[in-house]
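Trainee:
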Amino acid sequence: MSATRLGYEVIVSEAIPLALPGRTPDGGARTWAPVSTTLVFGRDEAVLVDPPLTTAQAEAVADRVRAVGRRLTHIFATHAHGDHWFTAPSLTDRFPGAQVVATGGTIAQMHRTAEARAGFWDKILPGRIPASPVTAVAAEDLGNRLVLEGHALSVLGVGHSDTDDTSVLHIPDLDLVVAGDVVYNGVHQYLVESRDGGRDAWRRAIAAVEALGARRIVAGHKNHRYDDDADRQIRETRRYLDDTDQLLETEPTPERFYSAMIRRHPDHLNRSSLWGSSQALYPDRTQGAPPPT
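Note that the UniProt record's numbering gives residue 120 to position 120 of the sequence shown, counting from 1, and the numbers run on in steps of one.
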């Protein structure tokens, strides 16, 4: 039998306010970044990649999946940050039979994230995140691929991006990579875990995605007005890391770094992420590095 044609849709959960004290240096509110969830679908079935963070976001995603009208077979998480998997168990309640999948490395990180949930996630979004037991099965046990109506969706581990044990989902028949947080699209990048060689490792992850040769990339954090052109996103994500390295050499304080990055990336969304990153990159000049924002 010949494979049916595939399509995909990106569902962007927009930025939401956080229960964090203070504001950014230029007076902005503390917010969580827009989160991208991708639905890859054939004639009858679909795969969901990177379920969102909150109950309300997951309900909106589930309603959209229902509207598309395909049977959800798998939910794949590219990495263990909670905004890319916390709602997977609640989505399986809406779509019985859907299997949650992640790499073995990501699953190990998920357990660590779950242990830290009460001390961070539930404080910044009290009452807004559903129960999130780790239910994923290892992609390695599935041959590092999902099959959607005869099409192979390949799982590729790429190491450290904005966190450890990141993976991407490559769909050659769509000329598409769903890249999680390896690539960003018009949103300030999360740099809290980028010290001690993390940015160089992140560059290697970007190179691994680039080597796949896809024309389209879905970034884990995206300005919904932007397209999915792969070359542009790779170029801009690299530039952001290069700018970080350069400005860390010239800017003496997190406030100065924050302002300089805004001058270089004035249209990027979610300056709250940049402020959290700025504080973490200058641990000797702040009262402790903050958790992810």
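Note that the Cβ used here is the ideal one computed from N, Cα and C, for glycine as well.
By Cβ distance, which residues of its chain are closer than 7 Å to R94, with the 5 residues on each side in sequence left out?
Mentor: Counting from 1 along the sequence shown, the entry for residue 94 is found at position 94. So the qualifying residues of the chain are A62.
Trainee: Expressed to the nearest angstrom, what Euclidean distance is found between the alpha-carbon atoms of P291 and A33?
Mentor: What you label residue 291 is simply residue 291 of the sequence shown in a count that begins at 1. What you label residue 33 is simply residue 33 of the sequence shown in a count that begins at 1. Low per-residue confidence applies at P291: pLDDT is 43, beneath 50, and the placement is therefore not dependable enough to give any value.
Trainee: For A214 versus V177, is the C-beta spacing smaller than 8 Å?
Mentor: For the purposes of this step, residue 214 is taken as residue 214 along the sequence shown, with counting starting at 1. For the purposes of this step, residue 177 is taken as residue 177 along the sequence shown, with counting starting at 1. In this structure, V177 lies closer than 8 Å to A214 by Cβ.
Trainee: If you compare alpha carbons, which of T135, A15 and R117 is closest to G127?
Mentor: As a first step, residue 127 is located in the sequence shown; it is residue number 127 there, counting from the start. Closest option to G127, Cα to Cα, is R117.
Trainee: Quick one: grab the DSSP three-state call for G288.
Mentor: In the sequence shown, counting from the first residue as 1, residue 288 sits at position 288. At G288, the pLDDT of 40 sits below 50, so the modelled position is not reliable and the matter cannot be decided from this model.
Trainee: DSSP has R216 in a bridge; who is on the other side?
Mentor: As a first step, residue 216 is located in the sequence shown; it is residue number 216 there, counting from the start. Note: R216 sits in a beta bridge opposite L176 and D229.
Trainee: Of the choices R239, P283 and T135, whose alpha-carbon is the least far from that of H268?
Mentor: Indexing the sequence shown from 1 puts residue 268 at position 268. For the residues R239, P283 and T135, the minimum Cα distance to H268 belongs to R239.
Trainee: Under the criterion of a Cβ to heavy atom distance below 7 Å, does F86 qualify as lining the ligand SAM?
Mentor: Questions concerning the ligand SAM fall outside what the structure shown contains, since it holds no ligand whatsoever.
Trainee: Report buried or exposed for A58, applying the criterion of at least 16 other Cβ atoms within 10 angstroms of its Cβ.
Mentor: On the sequence shown, position 58 is the one that residue 58 refers to. Its Cβ being crowded by 16 or more others within 10 Å, A58 is buried.
Trainee: If you draw a straight line from the C-alpha of E249 to the C-alpha of F76, how long is it?
Mentor: As a working mapping, residue 249 is identified with position 249 in the sequence shown. As a working mapping, residue 76 is identified with position 76 in the sequence shown. Cα to Cα, E249 sits roughly 38 Å from F76.
Trainee: Taking the beta carbon of A205 as the centre, do at least 16 other beta carbons fall within 10 Å, making it buried, or is it exposed?
Mentor: On the sequence shown, residue 205 is found 205 positions in, with the first residue counted as 1. Buried: at least 16 other Cβ atoms inside 10 Å.
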